[in-house]
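Visitor:
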Amino acid sequence: MDRATAARPSRRRRAAPRTRDVGIAVERATTVAERRRSHRALHADRPIRDAGDDAEHAARRPRSTPRWTAAALGARSATAVREEAPQVRRPYRNLRGKRILITGAASGIGRATALHAAAEGAELVLTDIDEPKLQLVAKEAAEDGVVVHVARALDIADHEAVVGFAEDVHTACGNMDVVMNIAGISTWGPVEQLEHRHWRRTIDVDLMGPIHVIECFVPPMIRARRGGHLVNVSSAAGLLGLPWHAPYSAAKFGLRGVSEVLRFDLRRHGIGVTLVCPGAVKTPLVGTVEIVGVDRDHPAWRKLTKRFEAHATSPDDVATKIIQAVKQGRYLVLTSRDIQLAYWLQRTFAPGYELVMRVANDRLVAAATRSRR
Numbered sequence: 101m102d103r104a105t106a107a108r109p110s111r112r113r114r115a116a117p118r119t120r121d122v123g124i125a126v127e128r129a130t131t132v133a134e135r136r137r138s139h140r141a142l143h144a145d146r147p148i149r150d151a152g153d154d155a156e157h158a159a160r161r162p163r164s165t166p167r168w169t170a171a172a173l174g175a176r177s178a179t180a181v182r183e184e185a186p187q188v189r190r191p192y193r194n195l196r197g198k199r200i201l202i203t204g205a206a207s208g209i210g211r212a213t214a215l216h217a218a219a220e221g222a223e224l225v226l227t228d229i230d231e232p233k234l235q236l237v238a239k240e241a242a243e244d245g246v247v248v249h250v251a252r253a254l255d256i257a258d259h260e261a262v263v264g265f266a267e268d269v270h271t272a273c274g275n276m277d278v279v280m281n282i283a284g285i286s287t288w289g290p291v292e293q294l295e296h297r298h299w300r301r302t303i304d305v306d307l308m309g310p311i312h313v314i315e316c317f318v319p320p321m322i323r324a325r326r327g328g329h330l331v332n333v334s335s336a337a338g339l340l341g342l343p344w345h346a347p348y349s350a351a352k353f354g355l356r357g358v359s360e361v362l363r364f365d366l367r368r369h370g371i372g373v374t375l376v377c378p379g380a381v382k383t384p385l386v387g388t389v390e391i392v393g394v395d396r397d398h399p400a401w402r403k404l405t406k407r408f409e410a411h412a413t414s415p416d417d418v419a420t421k422i423i424q425a426v427k428q429g430r431y432l433v434l435t436s437r438d439i440q441l442a443y444w445l446q447r448t449f450a451p452g453y454e455l456v457m458r459v460a461n462d463r464l465v466a467a468a469t470r471s472r473r
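One rule links them: number in my numbering = place in the sequence shown (from 1) + 100.
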């Protein structure tokens with residue numbers, strides 16, 4: 101071997117592939133080619149087809165239709181696919197010209213929300229069980245040039261009454277764009293002193309009432325195919341195990357569950373859902389809530405009430421958050437920092453949440469014991 105040959109690196113000879121290996125290589129190459137062709141076809145937004153299928157697939161499906169939907173529906177027309185495709189609830193710039201139904205509009209959060217919606221230029225349908233106060237709110241809204249289509253007293257716990265009210269509203273002004281379930285009552289007390297009527301009335305108003313409204317007003321919104329929004333006002337008692345709130349929590353947890361389901365059920369119809377969970381709010385409900393077995397004028401209870409009111413937010417603040425949530429399409433609204441913290445604690449650190457709830461329960465029972473009737 102000479103020096104030139106020794107310096108030259110040797111080349112490895114590749115053995116000629118056997119027939120079986122050639123077949124495998126060809127098969128792999130074919131598979132890769134098919135995959136590339138499939139990938140290009142998918143990204144070109146056209147179905148994969150052979151050369152002889154052009155006549156059958158001449159009409160391309162629209163770009164807005166999900167591929168899995170088109171594949172599942174097969175030979176159905178593009179129009180049918182477009183009609184069944186989920187809609188998107190677009191944010192509102194403002195509520196001008198939107199027809200809004202508000203229950204519980206005579207006072208508190210309902211009244212504040214009605215006036216905020218009026219300031220946005222919305223058209224209102226108002227209802228409450230308190231007719232005189234309701235008419236005052238309607239008059240105040242109308243003074244700003246707002247259209248108030250209907251302002252009528254209504255007990256939302258009465259299903260037949262809600263059905264009749266809905267028929268009159270739809271005749272007068274058509275379908276709603278936004279439905280707000282704000283009306284509610286509250287009853288507190290230890291379970292051993294609560295009577296059946298306390299449970300029944302609270303659930304009838306706070307849970308079945310909103311359900312009656314949803315039954316009568318949401319299906320027409322779906323049929324109108326214009327989208328819209330549903331607001332359900334629950335409570336911190338619909339998130340947390342607050343002491344002595346068993347009937348109230350039964351209703352508010354139930355309304356939270358309804359909202360969670362409808363959040364996804366109504367999405368395909370372009371209808372958004374907002375669940376509002378206020379903490380302490382300075383409303384007439386605080387003064388009228390029925391507290392079983394307690395003397396509300398006792399100094400111990402009055403001290404506890406003042407502590408409650410000290411960190412309460414105003415109805416105007418809650419109404420502002422509701423209007424913002426409707427315009428932005430936001431789902432969960434927590435109106436105060438203490439509720440945000442407690443809800444975070446419940447979801448992230450259960451032992452800490454349990455300790456806080458036990459202390460709150462013990463303090464409430466101690467105050468109630470000193471102020472027994």
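For each residue, glycine too, the CB sits at the ideal point set by N, CA and C.
1. Considering A346, what are the terminal residues of the alpha helix (DSSP H) in which it resides?
2. Smallest Cα separation from L226: which of A219, A241 and E220?
3. Measuring only the C-alpha atoms, how far is I209 from I200?
4. For A412 and T213, I'd like the C-alpha separation in whole angstroms.
5. Counting pairs of beta carbons, one from the region 234-249 and one from the region 192-206, are three or more of them closer than 8 Å?
6. For the candidate residues Q446, I256, G341 and I422, whose alpha-carbon lies nearest to that of L195?
7. Check whether the region 244-260 touches the region 287-299, taking contact to mean three or more Cβ pairs, one atom from each stretch, closer than 8 Å.
8. Taking the beta strand (DSSP E) that R199 belongs to, which residues open and close that run?
9. For G309, which of helix, strand or coil comes out of DSSP?
10. Quick check: what's the CA-CA separation for Y192 versus G393?
11. Do L375 and S359 have their C-beta atoms within less than 8 Å of each other?
12. With a CB to CB cut of under 8 Å and the five nearest residues on each side skipped, what residues in its chain are close to L294?
13. If L434 and Q428 are in contact, beta carbons under 8 Å, what's the gap, nearest whole angstrom?
14. According to DSSP, is V278 helix, strand or coil?
15. Does DSSP classify E315 as helix, strand or coil?
16. By DSSP, does L339 sit in helix, in strand, or in coil?
17. Residues in its own chain within less than 6 Å of R470 by CB, not counting five upstream and five downstream?
18. V305 to A253, Cα distance in whole Å?
19. Which residues in the same chain as A125 place their Cβ atom closer than 6 Å to its Cβ, once the five residues preceding and following it in sequence are excluded?
20. Quick check on this structure: which residue in D417, A336, H329 and E260 has the alpha carbon closest to the alpha carbon of R367?
21. Hey, K198 and V278: beta-carbon distance below 8 Å or not?
22. Can you tell me the Cα-Cα spacing of R407 and D397, whole angstroms?
23. Which runs of the beta strand (DSSP E) at least 3 residues long sit entirely within the region 190-266? Give them in chain order.
24. Within 10 angstroms of the Cβ of K352, are there 16 or more other Cβ atoms? Answer buried if so, exposed if not.
25. State the DSSP-derived secondary structure class of E454, mapped to helix, strand or coil.
26. Where does L464 fall in DSSP's three states?
27. Any idea which residues DSSP pairs H270 with across the strands?
28. Could you give the C-beta distance for C273 and S335, rounded to a whole number, given that I count them as a contact under 8 Å?
29. Give the secondary structure of T374 by DSSP, where H, G and I count as helix, E and B as strand, and everything else as coil.
30. So what does W288 bridge to, in DSSP terms?
31. Taking just the CA atoms, how far does W344 sit from M457?
32. Can you tell me which of the three DSSP states H296 falls into?
33. Nearest-angstrom Cα distance between E231 and A419?
Guide: Once the coordinates are examined:
1. A346 to D365
2. Here the closest residue by C-alpha is A241.
3. The alpha-carbon atoms of I209 and I200 are separated by roughly 15 Å.
4. Looking at the two C-alpha atoms, the distance is approximately 17 Å.
5. yes
6. I422
7. no
8. R199 to T203
9. In this structure, DSSP gives G309 a helical state, which the three-state scheme calls helix.
10. Cα to Cα, the separation comes out at about 47 Å.
11. A contact, by the Cβ cut-off of 8 Å.
12. T287, A346, P347 and V392
13. Not really, about 15 Å apart at Cβ, beyond 8 Å.
14. The answer is strand: DSSP assigns V278 an E or B state.
15. helix
16. coil
17. Answer for R470: A400, listed in chain order.
18. 14 Å
19. In this predicted model, A125 has a pLDDT of only 45, less than 50, meaning its place in the structure is not dependable enough to derive any value.
20. H329
21. yes
22. As the crow flies, the alpha-carbon of R407 is around 15 Å from that of D397.
23. Correct list: 199-203, 223-228 and 248-253.
24. buried
25. helix
26. helix
27. Looking at the DSSP assignment, H270 forms no beta bridge with any residue, so it has no partner.
28. The beta carbons of C273 and S335 sit about 30 Å from each other, so the pair does not count as a contact at 8 Å.
29. Three-state result, T374: strand.
30. When DSSP reads this structure, W288 sits in a beta bridge with I391.
31. 11 Å
32. helix
33. 21 Å
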